[in-house]
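In the UniProt record's numbering, the protein residues as written are 1 to 134. Just so it is clear, CB atoms sit at the ideal spot from N, CA and C, and this is done for glycine as well.
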DNA sequence: GCCAACGTTGGC
DNA sequence: GCCAACGTTGGC
């Protein structure tokens, strides 16, 4: 069971929006590295939901409810989407500053390449973040 | 608002 | 195929 992290600007689509909607199509990714991660997601994989621009924190956990399929918003047909459903919010958001300060997360993909909108999370990183969430 | 990082585009 | 120019993301 792999772990992932997705970024979203809460002004555009927040974790609360996902909870309200029950599920959402995660489309619009137009970056090859991010798209490779989307393609690697399996149904049931869990996904940390990070708020960029505003909040700057991991705020909840989602789950892949449908594996990669063609992104209907992409005319070229090169990119894929997945479907996500909410699992639960974190008891306490884990901020970017806290993550940067934790040596256990120094290798984390999202910290090493800040613009990557979909990235893998290693099991030990997942445990560290959930530990920080209390 | 600025700027660093990085991806993409297009001329050659 | 190289690389300069340009656009976008996202933290500060």
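- With distances taken between CA atoms, residue 60 lies nearest to 7 out of 79, 7, 122, 105.
- Inclusion of residue 38 and residue 82 in the CB contact set at 9 Å is warranted, their separation being smaller than that value.
- Spanning the alpha carbons of residue 124 and residue 104 requires a straight line of approximately 8 Å.
- Three or more beta-carbon pairs separated by less than 8 Å are not found between the region 66-79 and the region 92-102, which leaves the two stretches without contact.
- For residue 61, DSSP records a beta bridge to 48, 88.
- The bridge partners DSSP lists for residue 80 are 70.
- In the DSSP annotation of this structure, residue 123 is not part of any beta strand (DSSP E); the continuous alpha helix (DSSP H) holding it starts and ends at 123-133.
- Taking a contact as a CB-CB distance under 8 Å, the pair residue 85 and residue 22 counts as one, their CB atoms being some 7 Å apart.
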